[in-house]
Structures are given as structure tokens and as C-alpha cells.
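Trainee: Below are the C-alpha cells for one structure; questions will follow.
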Amino acid sequence: MGHAFITAGTKGLGLKVTEAFLKLGHSVTVTYFRDNNRANEVKQKFADYSLHIVQADVCDKNDLTNAVQEATHTFGTIDYLINNAGPFIFERKKLLDHTEDEWQQMISGNLDSVFHLLQLTVPAMREQHFGRIVNYGFQGANHAAGWVNRSAFSAAKVGLVSLTKSIAYEEAENGITSNMICPGDIVGDMKEASIEESRKAPDQETPIGRSGTGEDIARTILYLCDQDSDMITGTIIEVTGGLDVIHQNR
Numbered sequence: 001m002g003h004a005f006i007t008a009g010t011k012g013l014g015l016k017v018t019e020a021f022l023k024l025g026h027s028v029t030v031t032y033f034r035d036n037n038r039a040n041e042v043k044q045k046f047a048d049y050s051l052h053i054v055q056a057d058v059c060d061k062n063d064l065t066n067a068v069q070e071a072t073h074t075f076g077t078i079d080y081l082i083n084n085a086g087p088f089i090f091e092r093k094k095l096l097d098h099t100e101d102e103w104q105q106m107i108s109g110n111l112d113s114v115f116h117l118l119q120l121t122v123p124a125m126r127e128q129h130f131g132r133i134v135n136y137g138f139q140g141a142n143h144a145a146g147w148v149n150r151s152a153f154s155a156a157k158v159g160l161v162s163l164t165k166s167i168a169y170e171e172a173e174n175g176i177t178s179n180m181i182c183p184g185d186i187v188g189d190m191k192e193a194s195i196e197e198s199r200k201a202p203d204q205e206t207p208i209g210r211s212g213t214g215e216d217i218a219r220t221i222l223y224l225c226d227q228d229s230d231m232i233t234g235t236i237i238e239v240t241g242g243l244d245v246i247h248q249n250r
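The opening position of the sequence shown corresponds to residue 1 in my numbering, with each subsequent residue numbered one higher.
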């Protein structure tokens, strides 16, 4: 079994990914930002599993360095790097209404953080000739789609598409794959829900008839991280249920 490092893995979409890796027998290190209560709840829930939780702001390079050092000290080499964390501005606003601090947060948390984590983890992946990297994007990111009122976030994620592909090409010879997953409109309780739960709550807005869930994302990530998925690299996978996310008014 391997060791997964998952940013923001105590809640939201990250929680189901954490759960999936643990239940397969992997050791997992997760970061969280501020919610100590939730971190403690997750620690207790998975007390019988190999889970380490560390506080870190993904916008802070020193925090990321410390988190990776703790992770490797606890469980050894990081085999799976899951960049789930990504600051997001929920208020819809045009580019010229963003403050400089908001812009910097979007770039730092969604793009710079991945750069730092790659530098911290890829060298050890090279040594063992195995590694799996999964980043998060949004529907249309692969085509540099414009997203009205989400300009700062989308700019960072489109940059991350190129980084995802570049590291895939550069590190393929070292047994390392790099891919991006783009969740659909998964909101509220559905972020931590199972597929079975979503089937009990029909969703007329999503063409397949149900909302996406955290389990949908976790299942896809586990597939990308499988040892035999090495032919899949530099790929952007959308998990949207057929819903056109960026052209709806949300």
C-alpha cells in the first residue's frame, strides 16, 4: 500500500477522497486550513486507520513544506499527491471588481501551491520510479474557457492545466503520471455524499438525473492513481453528469 497526501482532505470533496484511500488500506496525510473541530472529528472517525492530519495554509510555502516533512516523517515517501485544496471566491464579481489580495489568493492557492508541492514530492517519486499526481480544475479548463464572474479562479486553473500536462510529459520517463479532474456542480451536502444517496434525490438540472457527489470524484481519482493506469497521463477528465457548469448563472 502507498501513502497519499491530500490537501483540504477533512471536508467537502476532499473528505470522500481521504475515506476512499484509507478504506483501500493506504496511509493518508491530509491538510486542513482552520476548522479544528472538523479535523478532530475526522481523526476520531478514522482512528483505526493510518491517518495523519496537519494544519496548513496552501497559500503559504512554509506551511506546505512543514506539512510534507511531517507526512514523510510519519509514513515515508508520498506516492499520491492529490491537490484538492483551492481557494474560491463565492461572490460573483467581474475582474475589475477583484481586489489585488483576492487575485493573489486565487493564483497562490490554486497554482503556486501546486508548484511548491511538486517540487517537494516529485524528487522522491523519481527515486522509486512511481508517482501519481491529480489536480483539480473546472469544466472547460482544458480549452482555456472564459468563466464570467470567475475570472481570477479560472485564470489560475487554466494555468494549472498547462502545468498538469507539462509535468506529465516531463516525468513520464520516471513512472510518474499527472492528470486533472474537473468536478461538475457539486454543492452542499452532495460534496460529502455517496452515489447511492444522490440517486435518492433526483436532480432535474443535471442531464443524468442526479447530482454529482464526492464519491464520484473519489472513484475517478482512485482509478487515475492505480498502478495500471500509467497510460493515462496529461489528461483532463470532466465529471459533470452532462451539465454545462460554466454557462449557468451560478
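Ideal placement from N, C-alpha and C gives every residue a C-beta, glycine not left out. A quick note: this is a predicted structure, and the numbers were derived from the prediction, not measured.
Counting only the same chain and skipping the five closest in sequence on each side, list residues whose C-beta sits under 8 Å from that of L95.
Mentor: Answer for L95: S151 and A152, listed in chain order.
Trainee: I'd like the list of long-range same chain contacts for I208, defined as Cβ closer than 7 Å, with 5 residues on each side in sequence excluded.
Mentor: If we look at I208 and ignore the five residues flanking it on each side, its Cβ neighbours are G241 and G242.
Trainee: Return yes when the Cβ of I133 is within less than 8 Å of the Cβ of I186, no when it is not.
Mentor: No. Outside cutoff.
Trainee: The beta strand (DSSP E) spanning G131 covers which residue range?
Mentor: Note, G131: beta strand (DSSP E), G131 to Y136.
Trainee: Which residue wins for smallest C-alpha separation from V54, given the options N142, A47, L64 and N149?
Mentor: Nearest C-alpha to V54: L64.
Trainee: Just confirm the distance between the C-beta atoms of M190 and S198, as a whole number of angstroms; I'd bet it's less than 8 Å.
Mentor: Indeed they touch by this definition, with Cβ atoms about 6 Å apart.
Trainee: A39: buried (16+ other C-beta within 10 angstroms of its C-beta) or exposed?
Mentor: It is buried - the Cβ of A39 has at least 16 other Cβ atoms within 10 Å.
Trainee: Please tell me whether A145 and I246 are closer than 8 Å, where the distance is taken between their beta carbons.
Mentor: Their beta carbons are under 8 Å apart, which means A145 touches I246 by this criterion.
Trainee: Relative to the C-alpha of K45, which residue among P87, K11, M106 and I6 is closest?
Mentor: Measuring from the Cα of K45, the nearest candidate turns out to be K11.
Trainee: Whole angstroms are fine: how far does the CA of A201 sit from the CA of R210?
Mentor: Straight-line Cα distance between these residues: approximately 7 Å.
Trainee: Going by beta carbon distance, what residues of the same chain come within less than 6 Å of R250, once the five residues before and after it are set aside?
Mentor: Confidence in R250 is poor, its pLDDT being 47 and thus under 50, which makes the residue's placement unreliable; the coordinate value appears in the next sentence. Correct list: empty, nothing qualifies.
Trainee: Can you confirm whether I78, when its beta carbon is compared against all beta carbons of chain D, has any partner nearer than 8 Å?
Mentor: Considering every chain present, this structure includes no chain D. It has just one protein chain.
Trainee: Taking C-alpha atoms, which residue in G86, D97 and D101 lies nearest to N110?
Mentor: The candidate whose alpha carbon is nearest that of N110 is G86.
Trainee: What is the residue span of the alpha helix (DSSP H) that H116 lies within?
Mentor: Note, H116: alpha helix (DSSP H), S113 to Q128.
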